[in-house]
Structures are given as C-alpha cells and as structure tokens.
C-alpha cells in the first residue's frame, strides 16, 4: 500500500532507542545546529524572505508619475482589482488549471493502470509517454509552434487526412487557451503517471484476488479497490499539478505572449507584463503578493500530503 | 504471466489485444511531436513546403540543419554555460541540504518547528513567482548578468532540506554513534558515514535538480544579457524564434533537438534512476 | 572531485578569454533582429570587423531577441547599473525612453564634431527625424529602417487573370484582386487573397499603416499623451480589415501568426501579404515562385509609417564609453556599412549618401523590388510613439484580434481600445497637459 511505505518512512525514527537518542542530542549543541542551518537560512533569507517582504512593501507603496514615491496605501490593489485584464488572467488561470489538471490526472491514472504490468512492451510504451517530461518547456513550445500551425502544421496536416479542416489553433481566442492546455497535458501527464505507477505497485495483489473471488469485474475492482487506495497519491499529484499551473509560463511567453486578445494571459504572465511591459511595479507587486499568498496557503493546506508523497521509493 | 493470460476466455483475450493495440496507437500518437523533431531535423524541407509535417523517412538525410544551427547559434558556449550553471547549483545545494537536513532530522533545539515551517515556505514558491523582487536582489548583490546570478537563488532548497531530513530519518542512529565513539569528528562522521548512507536521496535530488535547471528559461533570461552568459534554453529561443518567423522548420527541429537531446539520451539510458528520482522527490 | 576540477578549468579558460584585450574600452551593444537568424550572425560579423578596425575599442554584441524584448532587457540593464553603451531600439520606443529619462541626447557629440544637429539629421531621410528627435533633441540615430510593403505572388496574379505588373493601388482594387485571387476547393479555401500579420508589434504597425492610408494621423506626434483609435480614419481601417475577413472572405479568420503567414506565402496558400521591407532579402532568397512588391494601397492617400530601429546611448555610461559608443554608431551608420546592411537585409539605408555609392546603384538596378521600397519612402510618416508605447499599442492589438475572430465589431473594438489606451496614458496626461495652475 502506498501509505504503508510512507508510514514506514515516517515511523522509522520512532523505532530508535530513546536513551541513546537523548545522549546524541545533548552531545551536539544547539550552536552546531545553528551552523548547520545557517547557510540554507541565509540563502533563503536573501532569495525568499526578503523578496516576499519587498513584494509586500512595493505593493503598498504608491508612486506618482516617473516613480516618485507619494506614500503608502492600498491604491495598487485597488488598481489591480479595477483592471479587467487581471480578472481575465485569473479566470484564464482557472480554466487553464482545470483544463490541464483534471485531464492530465485522469490520463495518468488510465495509462498507469493500463501499463502497470511489467512487460517489455509496457516499459517501451511508458518511456514513450514519459519522454516529454524531460524536455525543457521552451523546447516543447518551439515544437508546438509547428505542431499547431494552421494548415501545414503537424496537427492540421494529419487531421486533414481525416477530412478535418485547418484550424487557427493559436490564432483564435476560442482555441488558443485550449491549445496551451493541450501542450501542458502532453508535457505533464507522463510525470503524473509515474506516481500513479508507484502508487499502484504498493497496492497488495491479494486485495484484487479477494475481490475477484467475490465476483467483482475489473471495472468494479478499479472503483472499489484501486481508486480509493490511490487517493493519497492523487492528492499529492494534485498539489504538484496546481503549483505547475501557477508557476509555469515559458510556453505562454514563447507561443502567444498572452494573446490573442488576452485569451492566454495567465497570472504570472500578467505580473511579468505589468512589471516589464507597462513599468507598473506597484500593480505587479500587488499581483505577486496575491499569488504568493495563494501558493502559501496551498503549501500550508497540503503539508501532510507533500510529506507523504515525498517518499515514494519504488 | 503466461499461465495467467491463458486462463482468460477467448472474448476476454480479444478485448485484451484490442486494448494493447489501442495503447500502442496512443503512445505512437503521443510521440509524434518528438518523431517529427527527429525526422525534420535531418530532412530537406523547402520553404513553404506543404508536407513539412510528414513523418515518412522518405528522404536522404541531410546535416544542413545542424550545420545551420551551429553556424547561427553558439551552441558550444551554451552547453558549457548550462553545464556550469546546473553543476554549480547542484554542488552548493548538496552541501546546504545535507547540513540542514541533518540538523532537522537529528537535533533538538529551540524554535526547531518554527524554523522548519519557515523553510517549508519556499516549497511551493517556485522562483518565477518572485521574479521581480529576486531580480532586484541579484542586481543589489552585483550578480546581474553573471552565471552566479543565475545560480544563487537556487543554492538553498527547502525541498532538498526536506528530502534529506526524511532520508536521514530512515538511517539508524547506530552508525553515527559508532563512528563518534570510534573518535571520528563530527565532520568526518557526516562525510564518511552519513553521506554514503544517504546516497539514494542525494542521487535522486541530483537528477531532479539537474533536469529542472537544465530546462529553466525565464530566470536566466531575465538576469543575463551578454551573449557569453547565455544558457541553452535562452540561446534556443534567441534564434529559433527568428527561424520560426522565417518558417525554417528543419532548423527549428534541429536546434530543439540539440537542446533537448542530452536529457532525452540520458533519460533513455538511465531510465530507472530518473524514474526513481522523480518518484523519490516528487516536486522538481 | 573530477567535476570540481573540470569546473575550475572551465573557469580558468573563461578568465583567460576575458583578459586578452586589456587596454581597449569594452562596450556592449544590444541588438534585436525581428526576422531571420542569419541577420544576427551578420551583425556579429559587422561588429567583429569594427573591433578589428578599431583596436582601442572592444564591442560585444548581444542579440537580445525581438524589439519588445530588447526594450525589456535594456531597461533591466539600466536599472541594474549595467547599461549597454549602445542599444538598437525600436524607433518608436525612444519617446518613452526620453520621458523616463533613460537616454542621453546626441547633440553634444554632434556639436563636438563641428556640426549642428540640423546638419546631422539632414544626412538622413526626412521621414526619420520624427522618431529620432524628441523635444528638439536627437535621442536616436536611425540604423535600419523599414516601411510596410505589399508582397504578392506574381504567378498567382497571372493565373487569376491579373497583370502582375499592375498591383492594386487602392483599397477598392485591392479587394477586387483579392477576390479573384482567392481559390476554393469544395468548402475549403486553398488560397487566400490577403493575409495581414496578427502577432503583437507588427499587427499594430500594420493597422497604423492602413490608418495613415486612410488619411489618419494615428497619434499626436508632438506630445506623447494622445492616441487616435476611436476616430473615423482608424475605425475605417479596422472596418476594412474586418470586411476582408468577414464580408469578402478573402482573408482567414483569427490572428495570423507571422510564421504561419510567411509559410503560407512561400507555399502559395496566400497571394498577397503585408510585411516589412526588412523581410525583403529573406523572402527573395527563399521564395521559389516569382514575387513582386508594391506600395501599400491607399484609400485616401499614400502614406505608411516608418518602422525599424535606431541606435541609442542609454543613460549611465561613462564619458569614455560614450565616446566609444559614438564611434561605433558613426561607423554603423556610415554610407558603406549602412548600405551593405541594407543590401543584406532589405531594410533601407537611413543615410541618403548610401544611395550615391556605385555598389548601391548597381544593386538597385538588379533588384527593382528594393527600389519600390525606396520610392515609398517619399510617403513615409513617423511611427506612433507615446507614453507607455507598448501597452498603448497592445490595447489596440488585443481589440483587433477580437475583431478578427468575430468577437467584436470594428466600432466596438475602436471604442474599447481608445478607453484602455486613455487609461494607460492617464499618468502622463495628468502630469503634463492636465497639470494646470491651481
């Protein structure tokens, strides 16, 4: 079982002999702990804590024309919330998130279940499905610039053989976001499948055998045994997938720049444009603060899940 | 396996064959973008060709696209820079995460829990989110437009610390205590006893770290601008995008392959290690 | 360990490479190339030549992506206290650089040569000075300039019963020809009459070309706080484009990305495209079927915007670096070098003297298409430049993209583009024209 493995890992320290453990603690002083943690803490301070604080300060600092400071307040947030593009980006990110996460995970489960048996053919098929995972996202984007080209691109060229007319995938506000979603599914589904495979491995075969004796078919076994036991795995995948949805924008920058008509503009791209294209660092900081808050609440909410998921040794 | 399969009744077996065929078809379609990249990189594709998307190896391979890529892009330097950046990050990370991971796994000190949660903050905060303030920090430290500037924000890894903490916790304390009793110094104990025992964790972390930093784009793009500081991903977009404007698909395919190739080959060769690392570590 | 050693070795090699030219003034030069990677390589060759001819200066040329990206990189570098000594900047960003006080004027450098700024600008085509001079001072030296051109497939013209020597000159003729050039097979269009590029940056430029041809002015050339989107001239241009797609059906629906447009033109799936003169050499080299170029057809008058880029010296450079930068700029804009770059790329050479050189005359005789680009220069106007130029441009582009996909009418698009642009311009307007005595 998936939990069995992770619980073993979590429980392991408890099996130590307490007397000796205490001796070690006293032998090594708190000051040593300080020195061991200092390098990491110092670096985190420079590149995580200070930037967060800076984003916060920037977000509440008001600037006049030409960057003249004119005091503090919530004006940047007001302007952010008054900006239709921001809400559009938030909405797009939501659609992008749902559109990417749900299909990738469903695909990962279906493929994982279908390819769980360790045959040579399955190993080959798994490799084929996992390959996109190791590609740089920008490389995927440059490939998809051709894949998605209307008429002559890889997709249309082969769809045409099925009698499907050319589509301007990236050129229409109706399809561009879905094209980006398709790219993300292709890039990430294999990654999630690996976790599903590991989760499946941990399900005791006896459970299936017993259910089979009870006359349960493969479908009912999937829903009654496999899926419930995969739950912790899926929760873990869900967290990673959400992080990816918020923090990956290389493909958007390379393929669409957020267009057409802002239809592929997601939050991080919005921040990027506000900061660099419109030189509006206050509004960019306000949006950053909101994203950081969202991600932090995600990490607080999912600490347990992350802790468990971190130990899938296959 | 074979005996089991023989137990299936005939219709079940047909169904099974059908499923296998379906899976093979799916995997094949899934691979077409990569197949196209391979084929197009060595295929002569005239400008404006309507069958640039053909996957048929019906041609005499040409190395013209690779020659073009090397002539227009400074691939050698990009490879060197990418190696320096990825390995440089990894070296420092291995030290910082081992030390901090050990402290959290084995020591008791005041404020430990608070500090641990403070570390974990970084877990979900992938650096791109803080790109604007982080760039400012790099500027302030005088690291703008330098390879260390690309590396610095990644030197500490909350995730690596977390991972090493878990790894150390699975190692029985007896080994360390024996070493200390034998008169080993603390540093020797870590280096000679703990690090070798924690190797699976370290290898797993290394593979994930190398993969993700090899593939990183936005951050190196933002903090460097000299051509001699470009890494592969930045170099790739710098000229592939103009090759795309020019609809020079052979060149696009060849250059993309040059960037993605090393990891694809590494993955194919060391698949087990890669997969184990991804699973072991979860987050990139 | 081995890793550490090899890294140390690589580090040592890099340091060695860095110490070879000690005495020379080291400057860096940011340059974008909007089309074709071969241009980036050629620019590196040019800079290498300059370094060889000027041993006292060591220029490092950095290819910084598109025009928009070069702007972002240059600003970031200035902020970081490491400004490039020279940047090749989209000609219409210079106003914003001046407003943000990020660029040094050329006037003192010009005067030190014993020239007046008027003499100096007089060496360039008159249409260029509008974007180069802001508030009476020279902030940019034109280097590669362009205007939009109509490229058309001559074979398709003949096939459709049109005379390839008589390209459309008015919008009326343009539509008539496009209709004849559009070909269907069943319900599938196998060849479109027209494609206009829809990617950010070039879309805005194309719309401004049509607006100018429609008699419009597009923006206030004397003050960066006004843009004229919701005006008859712009709405007319937008309606024309919308009709090409939805009424006459001679242009595909949706945003046409530039690679797709170029690919379609090479492949004969479109008969006429609008593209920059900067693409001329690239298209000439790669187009298998014969093609020709012509002026952008007019509705009210012949007029096109200038495009391309000028060389600037960002603020924050030492006197020594400025002098080195000035030397590089003078060399790059000399008739010989600028003429050579023009022949290599298709951009026209901004200095008039370049066209007096024998090699240039010979080239024009051999390539009449380059002559068309030059002749159109007589009708060229400055490129729109306001406060917050990129965002103001994008305000229109996003609306036009919606219109191209049938989501908005031209009037709606113009209205919301105007409203969004006004919001973007507001800080500047409030600080200048509406900053009144209290």
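Protein chains in written order, with our numbering: chain A, 965 to 1278; chain B, 8 to 291; chain C, 89 to 526. Even for Gly, the Cβ is constructed at its ideal location relative to N, Cα and C. Quantities reported herein were computed from a predicted structural model and do not represent experimental measurements.
- Taking one beta carbon from each stretch, the stretch 1075-1091 of chain A and the stretch 24-34 of chain B have 3 or more pairs nearer than 8 Å; the two touch.
- For the stretch 1086-1108 of chain A, the beta-carbon criterion of a distance under 9 Å to any beta-carbon of chain B is satisfied by 1086, 1087, 1088, 1089, 1090, 1091, 1092, 1093, 1094, 1095, 1096, 1097, 1098, 1099, 1100, 1101, 1102, 1103, 1104, 1105, 1106, 1107, 1108.
- Non-local C-beta neighbours of residue 363 of chain C in its own chain, meaning closer than 6 Å and more than five positions away in sequence, comprise 239, ordered along the chain.
- Note that the C-beta distance between residue 1132 of chain A and residue 342 of chain C is below 7 Å.
- Collapsing the DSSP output to three states places residue 153 of chain B in coil.
- Proximity of residue 1240 of chain A to chain C, defined by a Cβ-Cβ separation below 7 Å, is satisfied.
- At a cut-off of 7 Å between beta-carbon atoms, residue 133 of chain C makes no contact with chain B.
- In this structure, residue 43 of chain B lies near residue 1118 of chain A, with their beta-carbon atoms less than 7 Å apart.
- In this structure, residue 465 of chain C and residue 215 of chain C form a Cβ contact; the two beta carbons are roughly 6 Å apart against a cut-off of 8 Å.
- Boundaries of the beta strand (DSSP E) harbouring residue 116 of chain C: 113-119, taken from the DSSP string.
- Apart from the 5 residues on each side of it in sequence, residue 150 of chain B sits with its Cβ closer than 7 Å to the Cβ of 156, 159 in its chain, given in chain order.
- Bounds of the alpha helix (DSSP H) holding residue 1042 of chain A are 1039-1046.
- Residues of the stretch 398-415 of chain C that bring their beta carbon within less than 8 Å of a beta carbon in chain A are absent altogether.
- Per the DSSP secondary-structure output, residue 222 of chain C pairs in a beta bridge with C:225.
- Burial is judged here by how many other beta carbons sit within 10 angstroms of a residue's own beta carbon; residue 124 of chain B has fewer than 16 and is exposed.
- Under the three-state reduction of DSSP, residue 114 of chain B is assigned to coil, being neither helix nor strand.
- Under the three-pair Cβ rule at 8 Å, the stretch 135-153 of chain B counts as touching the stretch 218-237 of chain B.
- Neighbours of residue 1132 of chain A in chain C, taken as residues whose beta carbon is under 9 Å from its own, are 340, 341, 342, 343, 344, 345, 348, 493 in chain order.
- Residue 385 of chain C has a beta carbon lying at 7 Å or more from every beta carbon in chain A.
- With fewer than 16 other beta carbons inside 10 angstroms of its own, residue 459 of chain C counts as exposed.
- One finds 232 in chain B with Cβ atoms closer than 8 Å to the Cβ of residue 118 of chain C, taken in chain order.
- With distances taken between CA atoms, residue 391 of chain C lies nearest to C:299 out of C:185, C:495, C:299, C:229.
- Taking 7 Å as the CB threshold, residue 354 of chain C lines the interface with chain B.
- In this structure, DSSP gives residue 500 of chain C a helical state, which the three-state scheme calls helix.
- In this chain, the beta strand (DSSP E) harbouring residue 1033 of chain A covers 1033-1036.
- Within the stretch 1000-1027 of chain A, not one residue has a Cβ closer than 7 Å to any Cβ of chain C.
- Per the Cβ contact rule, the stretch 353-370 of chain C is not in contact with the stretch 172-184 of chain C (fewer than 3 Cβ pairs under 8 Å).
- The stretch 496-506 of chain C makes contact with the stretch 317-329 of chain C, as at least three CB pairs between them are under 8 Å.
- With respect to the 7 Å criterion, residue 387 of chain C and residue 308 of chain C are not classified as neighbours on the basis of their beta carbons.
- Taking a contact as a CB-CB distance under 8 Å, the pair residue 92 of chain B and residue 238 of chain B counts as one, their CB atoms being some 6 Å apart.
- The beta-carbon of residue 55 of chain B is placed less than 7 Å from the nearest beta-carbon of chain C.
- Out of A:1197, A:1262, A:1244, A:1250, the CA that lies nearest to the CA of residue 1031 of chain A is found in A:1244.
- The C-beta separation of residue 323 of chain C from residue 502 of chain C comes to about 5 Å, placing the pair in contact by the 8 Å criterion.
- Going by C-alpha positions, residue 1000 of chain A is about 24 Å away from residue 217 of chain B.
- The stretch 113-131 of chain B makes no contact with the stretch 1179-1191 of chain A; the number of CB pairs closer than 8 Å stays below 3.
- Nearest to residue 75 of chain B by C-alpha distance, out of B:96, B:136, B:51, B:94, is B:51.
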